[in-house]
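Have a look at the structure below before the remarks.
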Amino acid sequence: MISKSNFVAGIQCLKRIYLQVHNPGLATKSSPAAEAVLKQGREVGRVAHRAFPGGATVASGRVQTKEALRATRDLMANPEVPAIFEGAFEHAGVIVRVDVLQRDGRFGYRLIEVKSSTEIKPHYAYDVGIQHHVLTGAGVEAEQVGLMHLNREYIFDGKEYDVSRLFTLAELEPEDTVSEAEISDRLEEQFRILNQPRPPEIPPGRHCEDPVVCEFYDHCNPELPANHVSLLPQMRADKLQELTDSGIVSIEQIPDDFPLSEKQRLAVDCMKTGKPFFNPELAGELSALRYPLCFMDFETVFPALPRFAGMRPFDHIPFQWSVHRQDTSGGGLRHFEYLAEDDSDPRSPFIESLCEAVAGAGNIVVYNQTFESSRLDDLARWVPTCASDTAVVKAKLWDLLPVVRRNVYHSAFAGSFSLKSVLPALIPQMTYEALEVGDGVEAGVAWARLISPAISPEEKGSVRQALIGYCRQDTLALAKLFEMLRDCAG
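Quick note, in my numbering, the sequence shown goes up one by one and the last residue is 473.
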């Protein structure tokens, strides 16, 4: 059988559905972050059910298909049930689970798909289309089709979700859906592919990441050599295609007269010479900074369902900050930190303690100012008693990212200027490899464990140290990077 998720995977790539069915072991193991996203989606679905009082849920998980189909039929036969959640339907070798099947009139139904997003995305049309196809084939009349998604403008009062405003229910018009003919054609193609002895030969491309990153990405996209032409900064697809069509796959092979941007040509020169580039103007930019300097980093989570009063879906909850402070040029570093350790609202203690730690700073160095600036704006709105102090902090932000982009390049950047790419290239000893928490997404997952009531004291202590170590490393790395750049700039 083809499931709904199989079908949608096949729309993205026929090789993906083939591997899902025949070679699932080739998939990259699901990460804790990916599991957290799935868990969040299920939570959103359960909250959405509140919009249909009296509805009944068909058990999922390890429930056998035949049992789920039978349970769905029993609920449909009971006119007292106004809506069925996770109903199972099968037709011609395709099985789907419908988020909400709402009874509409005496005999008809309305098909409703629930999404934990704040907008309708084009690929949702296939998700809804395959469900409508199976329902029709199974003899279920569902002329109305709706898509229920989160309302980004909804502001939580901190007490109970108002599902009538938390969600937006959009009725899909024919032009927003996929025709029955196309669904049938796609299914025919997918069944044909699945009956072949080998997966289809489909070269890697943009479809490997759009609309989602395929679980077989690593299988189909082996790691490229460090000198591959695709690793030049801001390499456009048409230029890349032109080079590879000419048999040019390494940066050293690129002709001198091939049209490249100034940044790309600089990257080529660095690869050919094996030497990093430091712009003579770097010294002037760094000298503009005023001491004391603070090196600052935030960690946040952005849950689909708002947790505290005044928050909207996907608003960031700031739960941790780290600051390294240097009072004079060449002086020692002092470290300050904050970590929320329970499930109470962390916003006020976060900003109050941060303002105290950076008080009197000349400049506050960050990497990608847009993120910290946006979080400070949020906090000023949520904690008005700290708004003036927050504005002072924001006014002192100094972004190292554009300075690096303008003035520095190393072939090991591989076209990226993220801190995780820049740092190991310029300061190899500053590594994240030994840390239990290695990036911001992992930090968010770890924080969810930290504040869970079910966590043991021993595990809580371990998770706490992992989070503190990671955030501390971020700001220490920022300070060391600044020092290194200042020394290289002379």
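The beta carbon of each residue, even a glycine, is placed where N, CA and C say it ideally should be.
Using the C-alpha atoms, what's the distance from Q309 back to C277? Here residue 277 corresponds to residue number 294 of the sequence shown, with the count starting at 1. Here residue 309 corresponds to residue number 326 of the sequence shown, with the count starting at 1. Cα to Cα, C277 sits roughly 6 angstroms from Q309.
At what residues does the alpha helix (DSSP H) containing L402 begin and finish? In the sequence shown, counting from the first residue as 1, residue 402 sits at position 419. It spans L402 to L409 - the alpha helix (DSSP H) in which L402 sits, taken as one unbroken run.
Could you pull the start and end residues of the beta strand (DSSP E) that N346 belongs to? For the purposes of this step, residue 346 is identified with residue 363 of the sequence shown, where counting begins at 1. Run containing N346: N346 to V349, per the beta strand (DSSP E) assignment.
M279, buried or exposed, once every other Cβ within 10 Å from all chains shown has been counted against 16: Taking the first residue of the sequence shown as 1, we reach residue 279 at position 296. Classification for M279: buried.
How about E73 and V64: are their beta carbons less than 9 angstroms apart? Locating residue 73 in the sequence shown gives position 90, where the first residue counts as 1. Locating residue 64 in the sequence shown gives position 81, where the first residue counts as 1. No, the pair does not count as a contact, with Cβ atoms beyond the cut-off.
Helix, strand or coil for G70, going by three-state DSSP, please let me know. Residue mapping note: residue 70 aligns to position 87 of the sequence shown, counting from 1. Residue state, collapsed to three classes: strand.
One or two residues paired with H132 in a DSSP bridge: By one-based count along the sequence shown, residue 132 stands at place 149. Answer is K98 and T151.
Check whether the segment 130 to 144 and the segment 98 to 111 touch, using three or more Cβ-Cβ pairs below 8 angstroms as the test. yes
For V161, which residues does DSSP report across the bridge? Reading the sequence shown from its first residue, position 178 is the one you call residue 161. Per DSSP, none; premise fails for V161.
Proximal residues to P242 (C-beta, below 8 angstroms), its chain only, five neighbours per side dropped: Numbered from 1 along the sequence shown, position 259 holds the residue referred to as residue 242. Excluding residues within five positions, the ones whose Cβ falls inside 8 angstroms are K222.
For D193, the nearest candidate out of K(-13), I410, G(-7) and P407 (CA to CA): For the purposes of this step, residue 193 is identified with residue 210 of the sequence shown, where counting begins at 1. Checked all of K(-13), I410, G(-7) and P407; the closest Cα to D193 is G(-7).
My assumption, with CB atoms under 8 angstroms, is that M254 sits in contact with S394. Please give the rounded CB distance. By one-based count along the sequence shown, residue 254 stands at place 271. By one-based count along the sequence shown, residue 394 stands at place 411. About 4 angstroms separates the two Cβ atoms, so the contact holds.
Limits of the unbroken beta strand (DSSP E) element including T283: In the sequence shown, the residue the question calls residue 283 occupies position 300. Unbroken beta strand (DSSP E) run through T283: L276 to V284.
Whole angstroms are fine: how far does the CA of F150 sit from the CA of P36? For the purposes of this step, residue 36 is taken as residue 53 along the sequence shown, with counting starting at 1. For the purposes of this step, residue 150 is taken as residue 167 along the sequence shown, with counting starting at 1. Between P36 and F150, the C-alpha separation is close to 15 angstroms.
Exposed unless 16 or more other CB atoms sit within 10 angstroms - verdict on G44: Your numbering for residue 44 matches position 61 in the sequence shown. Flag for G44 reads exposed.
Is the beta carbon of E96 less than 9 angstroms from the beta carbon of V77? Along the sequence shown, read from residue 1 onward, the residue named residue 96 stands at position 113. Along the sequence shown, read from residue 1 onward, the residue named residue 77 stands at position 94. No.
Start and end of the beta strand (DSSP E) containing D328? What you label residue 328 is simply residue 345 of the sequence shown in a count that begins at 1. Where D328 is concerned, there is no enclosing beta strand (DSSP E), given that its DSSP letter is neither H nor E.
How would you call A462, buried or exposed, if buried means at least 16 neighbouring beta carbons within 10 angstroms? By 1-based counting over the sequence shown, the position of residue 462 is 479. Classification of A462: buried, given that the 10 Å Cβ count is 16 or more.
Could you tell me whether the Cβ atoms of S305 and C203 are closer together than 9 angstroms? Numbered from its first residue, the sequence shown carries residue 305 at position 322. Numbered from its first residue, the sequence shown carries residue 203 at position 220. In this structure, C203 does not lie closer than 9 angstroms to S305 by Cβ.
What does a CB cutoff of less than 6 angstroms around R317 pick up in its chain, not counting 5 residues either side in sequence? Residue mapping note: residue 317 aligns to position 334 of the sequence shown, counting from 1. For R317, where only same-chain residues beyond five positions count, the Cβ hits under 6 angstroms are R308.
Is the number of C-beta pairs between the segment 429 to 449 and the segment 376 to 396 that are closer than 8 angstroms three or more? Cβ pair count under 8 angstroms is below three, so no.
Skipping 5 residues on each side, what residues in its chain have a beta carbon closer than 8 angstroms to that of V420? In the sequence shown, counting from the first residue as 1, residue 420 sits at position 437. Excluding sequence neighbours, V420 sits near A426, A429, A449, L450, G452 and Y453.
Tell me which same chain residues have a C-beta within less than 8 angstroms of the C-beta of E136, skipping the five on either side of it? The residue given as residue 136 occupies position 153 in the sequence shown. Cβ neighbours of E136 beyond the five flanking positions: R295.
CB contact flag (A60, A42, <9 angstroms): For the purposes of this step, residue 60 is taken as the residue at position 77 of the sequence shown. For the purposes of this step, residue 42 is taken as the residue at position 59 of the sequence shown. The answer is no: Cβ separation not under 9 angstroms.
Contact check, Y1 vs Q179, beta carbons under 9 angstroms: For the purposes of this step, residue 1 is taken as residue 18 along the sequence shown, with counting starting at 1. For the purposes of this step, residue 179 is taken as residue 196 along the sequence shown, with counting starting at 1. Contact: yes.
Can you tell which of R389, I334, I347 and Y350 has the C-alpha that lies nearest to the C-alpha of T368? As a first step, residue 368 is located in the sequence shown; it is residue number 385 there, counting from the start. Restricting attention to R389, I334, I347 and Y350, the CA atom closest to the CA of T368 is found in I334.
Give the C-beta separation of I185 and L(-3) to the nearest angstrom, bearing in mind that I take them to be a contact with Cβ-Cβ under 8 angstroms. Your numbering for residue 185 matches position 202 in the sequence shown. Your numbering for residue -3 matches position 14 in the sequence shown. With 8 angstroms as the limit, I185 and L(-3) qualify as a contact, their Cβ atoms being about 6 angstroms apart.
Can you name the start and end residues of the alpha helix (DSSP H) that V196 belongs to? The sequence position of residue 196 within the sequence shown is 213, counting from 1. Counting along the chain, V196 falls outside any alpha helix (DSSP H), and DSSP gives it neither H nor E.
Nearest-angstrom Cα distance between R33 and L214? The residue labelled residue 33 in the question sits at position 50 within the sequence shown. The residue labelled residue 214 in the question sits at position 231 within the sequence shown. Rounded to the nearest angstrom, the two C-alpha atoms are 48 angstroms apart.
Distance, Cα to Cα, E268 vs D252? Translated into positions along the sequence shown, residue 268 becomes position 285. Translated into positions along the sequence shown, residue 252 becomes position 269. About 24 angstroms.
Give the DSSP-derived three-state secondary structure of A292 in the structure shown. As a working mapping, residue 292 is identified with position 309 in the sequence shown. Here A292 sits in coil by DSSP.
A66: buried (16+ other C-beta within 10 angstroms of its C-beta) or exposed? By 1-based counting over the sequence shown, the position of residue 66 is 83. With 16 or more other Cβ atoms within 10 Å, it is buried.
Can you have a look at F302 and say buried or exposed, based on whether 16 or more other CB atoms are within 10 angstroms of its CB? Position 319 of the sequence shown holds residue 302. Result: buried.
Note down the Cα distance separating R25 from A292, rounded to an integer number of angstroms. Working through the sequence shown from its first residue, we reach residue 25 at position 42. Working through the sequence shown from its first residue, we reach residue 292 at position 309. Each residue's alpha carbon lies about 22 angstroms from the other.
Kindly indicate the opening and closing residues of the alpha helix (DSSP H) around F319. Taking the first residue of the sequence shown as position 1, residue 319 is located at position 336. F319 -> not in any alpha helix (DSSP H); beta strand (DSSP E) instead, spanning L316 to L322.
Does T227 pass the burial test, meaning 16 or more other C-beta atoms within 10 Å, or should it be called exposed? Reading the sequence shown from its first residue, position 244 is the one you call residue 227. Exposed: under 16 other Cβ atoms inside 10 Å.
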